[in-house]
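Written out below as structure tokens is the structure these notes cover.
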Amino acid sequence: MANRPASSKNDRAAVLRAGRSAGDPSLEVDYGGRRVRVELRSGGELLGSGDWTCQVRRNGRLARLSTRWQQVLRVCDEEADYLELSSEWSQGITVERHLFLAPRDRILLVADAVLASGPTELEYRSRWRLGPGVVFRGAEESREGFLVARRRRALVLPLALPEWRAAAGAGSLAQVDGALQLIQTVRGRTLFAPLFFDLAPSRFAHALTWRRLTVAERLRAVADDAAVGFRVQIGALQWLIYRSLAPKANRTLLGHNLSSETLVARFRRDGEVEALLEVE
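Okay, so the sequence shown: first residue is 176 according to the numbering used here, each after it adds one.
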């Protein structure tokens with residue numbers, strides 16, 4: 176379990192690893208200036224390389240980055256390699272960036288939490304430059320897709336969007352100008368934009384699904400701008416993801432009591448969850 180205070184390390188770079196072999200997934204992060212540069216490698220291929228940019232509009236007006244990215248938290252253990260960054264923007268906007276790699280599970284979660292000072296309409300657009308020769312191939316009927324470099328190397332799920340394209344959803348995931356682009360629009364105080372990567376090719380043929388979960392507080396469902404939860408299933412494996420976007424409180428998600436800010440967990444065979452990362 177990780178506590179909220181910031182780490183004392185401040186070298187403005189980090190490497191998240193799933194192992195020491197050449198083909199093991201890794202994510203290199205450089206946040207030495209006003210940009211965040213990332214390199215994702217898996218299966219010996221460079222899948223993503225370049226700036227991870229985001230554009231935020233509040234009520235149609237473009238917000239401007241006003242501070243450098245700062246490290247908030249760093250966790251590295253056998254279950255989680257995690258980096259959290261934060262930056263301040265104009266118009267009362269804060270962006271908190273999460274980068275989480277589970278070494279044993281071979282999953283990567285990257286997400287931006289956009290926090291506004293009051294009720295508003297938020298438009299979010301992020302782009303992550305793909306590696307040389309890498310393309311994103313989206314599914315026809317659903318919103319997931321694969322990063323392909325000669326062969327499929329990563330499955331990508333836009334968790335905050337409905338799984339099926341036929342379902343209404345204010346957003347999209349697509350390749351645009353050599354980059355993986357995620358767009359989301361919401362009305363509220365906050366927005367959470369997560370991308371879930373499965374980096375284990377042995378699972379690519381398995382059935383998959385994901386859905387947004389209802390988060391409750393005092394037996395009532397909370398709004399999406401207060402807290403969000405997601406469930407991901409790939410084959411027999413399942414994961415639970417939770418992020419509080421308002422002041423922390425005692426809440427429930429799939430019958431599990433939560434008082435933390437962030438939780439990434441795997442489901443055990445008995446239906447209980449086992450935390451991979453928990454930030455208080």
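The beta-carbon is built from N, C-alpha and C at its ideal position, and this holds for glycine as well.
Residue i to residue j span [Cα, whole Å]
i	j	result
LEU330	THR295	33 Å
GLY353	ARG302	9 Å
GLY293	ASP400	11 Å
ARG326	GLU447	35 Å
PRO200	GLU449	22 Å
ARG279	LEU336	26 Å
LEU121	GLU259	Given a span of 176 to 455 for the chain in the structure shown, any question on residue 121 remains unanswerable.
VAL247	VAL270	12 Å
PRO369	CYS229	13 Å
GLU253	ARG212	25 Å
VAL403	ILE358	17 Å
GLY430	LEU237	39 Å
VAL250	ALA277	11 Å
PRO422	LEU428	17 Å
ARG418	GLU436	6 Å
GLY320	SER377	16 Å
C-beta contact flag for residue i and residue j at 8 Å
i	j	result
GLU220	ARG328	yes
PHE367	LEU420	yes
PHE379	GLN413	no
ALA349	GLN356	yes
ILE282	ARG233	no
LEU452	ALA255	yes
ARG426	VAL397	yes
PHE405	LEU394	no
THR360	LEU297	yes
TYR299	TRP244	no
VAL231	VAL285	no
ALA440	GLU392	no
Coil, strand or helix - residue i by DSSP
i	result
SER262	strand
ALA181	Interpretation of ALA181 is limited by its pLDDT of 39, a score under 50 that renders its predicted location unreliable; the figure taken from the coordinates is listed afterwards. Here ALA181 sits in coil by DSSP.
ARG312	strand
SER241	coil
PRO376	helix
GLY404	strand
ASP256	strand
GLY320	strand
SER419	strand
TYR299	strand
ARG212	strand
THR437	strand
Neighbourhood of residue i by C-beta, 6 Å cutoff - its chain only, sequence neighbours within 5 removed
i	result
GLN171	The question about residue 171 has no answer here: the residues shown for the chain are numbered 176 through 455.
SER317	GLU338, TRP339
ARG272	LEU260, ASP287
HIS381	ILE409, GLY410
PHE372	LEU283, ALA329, VAL331
PRO180	Confidence in PRO180 is poor, its pLDDT being 39 and thus under 50, which makes the residue's placement too unreliable to answer from.
Among the options, nearest to residue i - alpha-carbon criterion
i	options	result
ARG239	GLU263, VAL351, GLN245, GLN246	GLU263
GLY218	VAL403, LEU237, LEU290, ARG192	ARG192
ALA324	GLY223, TRP227, LEU388	GLY223
ASP445	THR389, ALA411, VAL397	ALA411
LEU415	LEU374, VAL361, LEU334, THR365	LEU334
TYR257	GLY306, LEU202, ALA291	LEU202
SER347	ALA391, ALA314, SER377, SER196	ALA314
ARG216	GLY306, GLU319, GLY363	GLY306
LEU374	ALA291, LEU322, SER265, VAL310	LEU322
ARG386	ALA342, THR365, VAL351	ALA342
ARG364	ALA291, ARG209, VAL204	ALA291
ASP186	VAL351, SER196, VAL204	VAL204
Beta-carbon contacts of residue i that lie in its chain and below 7 Å, excluding the five residues immediately before and after
i	result
ARG304	GLY223, SER224, GLY225, ASP226, GLY353, ALA354
GLY308	ALA324
Own chain, CB closer than 8 Å to residue i, minus 5 neighbours either side, in chain order
i	result
GLY235	GLU296, GLU298
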